[in-house]
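Following my numbering, the numbering of the sequence shown begins with 130 at its first residue and continues without gaps. What follows is a single structure, written as structure tokens, with notes after it.
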Amino acid sequence: MNRDLPVAGRRQVRRAALRLVRRDVPGFIATLLLNGLAAAAALVSPWLLGRIIDSVSAGGTVDLLAAIAVGAALAQLVLSRYAEKIGTRFSERVQEHIRAELLDRVLALPAATVEHIRTGDLSARGTIDVAVVGRTLRDAAPAILVSSMQALFLIVAVFLVDPVLGACGLLAPAGIVAASRWYLRRARPAYLEEGAARSELAEHLAANAAGARTIEALGLQAKRTRAAERVVGRNRAAQLRTLFLRSVLWPSVEVSSLLPPALVLLLGGVLLDRGQVTLGAVVTCVLYLRRLGQPIETILIWLEQLQSSGASFARIEGLAAPAREEAADAAPRGDRIEASGVHFAYEGGDDVVTGVDLTVRPGERLAVVGPSGAGKSTLGKLLAGIDRPRLGTVTVGSVPVADLPPARLREHVVLVTQEQHLFLGTVRDNLLLADPTAGDDRLGKALAAVGADWIGSLDDELGSRSSGATLGPDRVQQLALARVILADPHTVILDEATAMLDPRTARRAERSLAAVLAGRTVIAIAHRLHTARDADRVVVMENGRVVEVGSHDELVAAGGVYEALWRSWHGSGGASA
Ligand SMILES: Nc1ncnc2c1ncn2[C@@H]1O[C@H](COP(=O)(O)OP(=O)(O)OP(=O)(O)O)[C@@H](O)[C@H]1O
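And the structure:
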């Protein structure tokens, strides 16, 4: 049931871009102002050149004009340098913010979403897409700004020099606007497809790398190669499409920007003959219009880049959609967990949980038993909100458990399995994941409750770096159990929580577990039936269905599936284990 993450719409992306600018208005305005001044300074030299030509033609002196030209060039240099520096700082701040926001969003996704998103998709968004947006914000905003101002000033300047010649200059923007409208209408879907194809490729590579041994063992190389060819083919087609769009856009732009200076030269020649313009005016207009090509080309390069980064931004912003959906969640009312008509299938497979109805009463100890492959662990994940039912509902306090954001979910239900993670960081960091507000006092009490007596001095140990290799599996498990105490959920689901530990360590861990479970509702996926004997109720599963529910004594007396399981486990000596 792997899912692609959503992609944001144009409006959402526009709003996000505005939000980013609003976060740093002074930085944005300073960038705008400095770039504007630099663009204005760049206009002075061509104007002075025209004046110098006219002055020389009239036999006048040009010393002062030449000095002003040098001053203007120096001013442009200094202003451009500062404009770039300020602009880059502004964009780096924005980029840092996008990264932090992306991380927060991923961490806020419900467990049921995180478990099923494609890792390739997520990693492509978190790396390639953020880098593309970051680069664009760093370079595009100042470049587009400077170029737009330059283009505007140039057109106004040509008009001021000579309105008739200026009218020729307008031909360039007209042609370019037509070409870019054609392009922009097609570019967004093309670039979104390119991003999706890129994600699929990343996903495919990651899956092949992770499953390399399985592929080899099962002789699946040819099948995987064919699948890879299809993915690469999709990538190629997507890239060819965007290449085609670019290959229409650029020649049209090239022609549109060469026409106006040529026209000014022709028309200027005629007007000069008639004495309606000066040679200086014609030269100034041609110089301005030749210059117009450059900012327009820069704008278009970035416009084109914006299409691809807009698609990247839409993919990053898309992560906000599920987070927002879940943000509107209602708070669970009460501790009762209810499964109703639940069906669940793993990707591409048949149902492995079929029509399960179950109410877990607050405070009870429930054991789920059944033969291997009956669907016990899957039911555990559904009750813990890690998987979402295909049909039916699993609720806690009447709210669908899979919709709860992580922080709220862990206040209600926590699944403890044999797979415990220790995250890079200190012991304190690892504990604070469960409750970021906990002080050292609470951390110490949680550690003491799970018997983590190896932590000598809190000050030293809580701050020390921890890793699974240095601590060992039992200590990692103790930290995980301490996290459960800190999260303080009303319900704990246990699935082989101590299975990976050696018997001596497992006994210690079971003692820690007893401290964790006190006063909570417990759902134990029971692989050893003594857990079931001690439970208030036993749920028996077979082929994905709940086939019996009752106390140990009732079910033994009933002589059904449970009785047979109990007899075979008892007979095999399991009871004495
Ligand atoms: N990630 C998965 N992808 C596909 N199929 C799965 C996955 N996990 C479990 N299954 C299949 O779903 C069915 C139920 O598995 P589940 O682990 O829930 O059973 P179980 O009763 O807990 O078994 P066990 O006691 O052996 O752990 C099995 O047929 C199993 O092969």
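For glycine and all other residues, C-beta sits at the position ideal for the given N, C-alpha and C. Bear in mind that the values here come from a model prediction, so they are computed numbers and not experimental data.
Quiz item: ligand 1 heavy atoms versus the CB of Lys505: any closer than 7 Å?
Solution: Residue mapping note: residue 505 aligns to position 376 of the sequence shown, counting from 1. Flag set: Cβ of Lys505 near ligand 1.
Quiz item: For Leu369, which of Tyr417, Ser641, Ala316 has the nearest alpha-carbon?
Solution: Residue numbering aside, residue 369 sits at position 240 when the sequence shown is read from its first letter. Selection Tyr417, Ser641, Ala316 evaluated against Leu369 yields Ala316 as nearest (Cα-Cα).
Practice problem: Give a single yes or no on whether Val481 has its beta carbon closer than 7 Å to a heavy atom of ligand 2. | Solution: Ligands displayed in this structure: ligand 1; ligand 2 is not among them.
Quiz prompt | Candidates Val136, Asp582, Ala611, Val523: closest to Val489 by CA position | solution = In the sequence shown, counting from the first residue as 1, residue 489 sits at position 360. Proximity to Val489 across Val136, Asp582, Ala611, Val523 peaks at Val523, based on C-alpha coordinates.
Practice problem: Go ahead and label Leu232 buried or exposed: buried means 16 or more other beta carbons lie within 10 angstroms of its beta carbon, across all protein chains shown. | Solution: As a first step, residue 232 is located in the sequence shown; it is residue number 103 there, counting from the start. Leu232 counts as exposed, since fewer than 16 other beta carbons sit within 10 angstroms of its beta carbon.
Exercise. Identify whether Ala671 lies in helix, strand or coil by the three-state DSSP scheme.
Key: As a working mapping, residue 671 is identified with position 542 in the sequence shown. Inspection of the sequence shows that residue 671 is occupied by Glu rather than by Ala. It is a strand residue.
Quiz item: Roughly how many angstroms separate the alpha carbons of Ala325 and Asp250, rounded to a whole number?
Solution: Along the sequence shown, one-based indexing puts residue 325 at 196. Along the sequence shown, one-based indexing puts residue 250 at 121. Linking Ala325 to Asp250 through their CA atoms gives a straight-line distance of about 8 Å.
Quiz item: Which same chain residues, not among the five before or five after Leu161, have their C-beta less than 7 Å away from its C-beta?
Solution: Working through the sequence shown from its first residue, we reach residue 161 at position 32. Leu274.
Quiz item: With a cut-off of 8 Å, does the C-beta of Asp479 fall near any C-beta of chain D?
Solution: Among the protein chains of the structure shown there is no chain D, as only one such chain exists.
Quiz item: If we call anything under 8 Å between Cβ atoms a contact, is Phe552 one with Leu544?
Solution: Position 423 of the sequence shown, counting from 1, holds the residue named residue 552. Position 415 of the sequence shown, counting from 1, holds the residue named residue 544. Cβ distance not < 8 Å, so Phe552 and Leu544 don't count as in contact.
Quiz item: What are the boundary residues of the alpha helix (DSSP H) that includes His659?
Solution: As a working mapping, residue 659 is identified with position 530 in the sequence shown. First-last of the alpha helix (DSSP H) with His659: 658-663.
Quiz item: For the putative contact between Pro461 and His541, defined by C-beta atoms under 8 Å, what is the C-beta separation to the nearest angstrom?
Solution: For this step, residue 461 is matched to residue 332 along the sequence shown. For this step, residue 541 is matched to residue 412 along the sequence shown. The pair is a contact, with the Cβ atoms about 6 Å apart (cut-off 8 Å).
Quiz prompt | His82 beta carbon near ligand 1 (any heavy atom closer than 7 Å) | solution = Residue 82 lies beyond the range of the chain shown here (130 to 706); nothing can be said about it.
Quiz item: Taking the Cβ atom as the reference point for each residue, do Val645 and Val667 lie within a distance shorter than 8 Å?
Solution: Taking the first residue of the sequence shown as position 1, residue 645 is located at position 516. Taking the first residue of the sequence shown as position 1, residue 667 is located at position 538. Val645 is not a Cβ neighbour of Val667, given a cutoff of 8 Å.
Quiz item: If you draw a straight line from the alpha carbon of Gly422 to that of Phe442, how long is it in whole angstroms?
Solution: Taking the sequence shown and counting its residues from 1, one reaches residue 422 at position 293. Taking the sequence shown and counting its residues from 1, one reaches residue 442 at position 313. For Gly422 and Phe442, the gap between their C-alpha atoms comes out near 29 Å.
Quiz item: Taking Ala474 as the reference, which of Gly504, Arg465, Glu467, Pro500 has the closest Cα?
Solution: Here residue 474 refers to the residue found at position 345 when the sequence shown is read from its first residue. For the residues Gly504, Arg465, Glu467, Pro500, the minimum Cα distance to Ala474 belongs to Gly504.
Quiz prompt | Residue ranges of each beta strand (DSSP E) within the region 303-365, 3 or longer | solution = Taking only runs of at least 3 residues, no beta strand (DSSP E) segment lies wholly in the region 303-365.
Quiz prompt | Proximity of Leu642 and Leu608 at Cβ, strictly below 8 Å | solution = Here residue 642 is taken as the residue at index 513 of the sequence shown, counted from 1. Here residue 608 is taken as the residue at index 479 of the sequence shown, counted from 1. No.
Practice problem: Verify whether the separation of the beta carbon atoms of Thr427 and Ser276 is less than 8 Å. | Solution: As a working note, residue 427 is residue 298 in the sequence shown. As a working note, residue 276 is residue 147 in the sequence shown. Yes.
Quiz item: Just curious, the beta strand (DSSP E) that Arg494 is in, first and last residue?
Solution: Position 365 of the sequence shown, counting from 1, holds the residue named residue 494. Unbroken beta strand (DSSP E) run through Arg494: 494-498.
Exercise. Tell me whether Gly216 sits in a helix, a strand or coil according to DSSP, three-state version.
Key: Within the sequence shown, the letter at position 87 stands for residue 216. Looking at Gly216 - three-state DSSP - the assignment turns out to be helix.
Practice problem: Would you kindly check if the distance between the Cβ of Ala269 and the Cβ of Gln434 is under 8 Å? | Solution: Taking the sequence shown and counting its residues from 1, the one referred to as residue 434 is at position 305. Taking the sequence shown and counting its residues from 1, the one referred to as residue 269 is at position 140. Yes; because the gap between Cβ atoms is below 8 Å, this pair is in contact.
Self-check item: Cβ pair Gly409, Gly179 closer than 8 Å
Solution: Sequence index remark: in the sequence shown, residue 409 carries index 280 (1-based). Sequence index remark: in the sequence shown, residue 179 carries index 50 (1-based). A distance below 8 Å separates the beta carbons of Gly409 and Gly179.
Self-check item: Which of helix, strand or coil DSSP assigns to Gly679
Solution: Numbered from its first residue, the sequence shown carries residue 679 at position 550. Reduced to three states, the DSSP call for Gly679 is strand.
Self-check item: Tyr691 Cβ short of 7 Å to ligand 1 heavy atom set
Solution: Locating residue 691 in the sequence shown gives position 562, counting from the first residue. False, no ligand heavy atom lies under 7 Å from that Cβ.
Quiz item: Taking Cβ positions, are Val411 and Val382 nearer each other than 8 Å?
Solution: Taking the first residue of the sequence shown as 1, we reach residue 411 at position 282. Taking the first residue of the sequence shown as 1, we reach residue 382 at position 253. Their beta carbons are not under 8 Å apart, which means Val411 does not touch Val382 by this criterion.
Quiz item: Between which two residues does the alpha helix (DSSP H) containing Ala168 stretch?
Solution: The sequence position of residue 168 within the sequence shown is 39, counting from 1. From DSSP, the alpha helix (DSSP H) with Ala168 extends over 154-186.
Exercise. For Leu726, write down the residues that DSSP places opposite it in a beta bridge.
Key: Lying outside 130 to 706, the shown extent of the chain, residue 726 is not represented and no answer is given.
Practice problem: Below 8 Å on the Cβ atoms is my guess for Arg571 versus Leu615; work out the distance and round it to an integer in Å. | Solution: The count along the sequence shown starts at 1 and reaches residue 571 at position 442. The count along the sequence shown starts at 1 and reaches residue 615 at position 486. 7 Å between Cβ atoms; contact.
Quiz item: Gly502: beta carbon under 7 Å from a heavy atom of ligand 1?
Solution: Counted from its first residue, the sequence shown places residue 502 at position 373. Within 7 Å of the C-beta of Gly502 there is at least one heavy atom belonging to ligand 1.
Quiz item: Is the region 193-209 close to the region 157-171, with three or more CB pairs under 8 Å?
Solution: They touch, by the three-pair rule.
Quiz item: Is the closest heavy atom of ligand 1 to the C-beta of Gly707 under 7 Å?
Solution: As shown, the chain starts at 130 and ends at 706. That puts residue 707 outside it, with no answer to give.
Practice problem: Could you check which residue in Leu418, Arg696, Gly295, Ala331 has the C-alpha nearest to that of Gln279? | Solution: Working through the sequence shown from its first residue, we reach residue 279 at position 150. The option with the nearest alpha carbon to Gln279 is Leu418.
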